[in-house]
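Residue numbers (this note's numbering): 37 to 112.
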Amino acid sequence: MRRSRIDIIIDVLEVAVMGVNKTAVVYRTNLNFKLAEKYLDLLQKQGFVENTMNKYKTTDKGKIFLQKAKELILQL
């Protein structure tokens, strides 16, 4: 079964909570590099992830979004 966009975003935000490089995002979320870059760029533009010294880390805004998204999915 394919994951939805929101499922992938949740996975990326969860992985990035501890601060990881792009390779870790790829392996832990089971994405290829092209898709991982697409989602990381999207999340950076929205302010959910920040990139410092090639480490991606979920921002406070991203953590709030992650929590709300998980709550929403649990209600479905």
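Cβ coordinates follow ideal geometry from the N, Cα and C atoms, glycine included.
- Note on residue 101: 16 or more other CB atoms within 10 angstroms of its CB, so buried under the neighbour-count rule.
- Residue 106 and residue 97 have their C-alpha atoms spaced approximately 14 angstroms apart.
- Residue 85 carries a strand assignment under DSSP once its states are collapsed to helix, strand and coil.
- Taking the C-beta atoms as reference points, residue 49 is found nearer than 9 angstroms to residue 79.
- Under the DSSP assignment, residue 94 falls in the beta strand (DSSP E) whose first and last residues are 91-94.
- Taking 9 angstroms as the cut-off, the Cβ atoms of residue 72 and residue 62 count as close.
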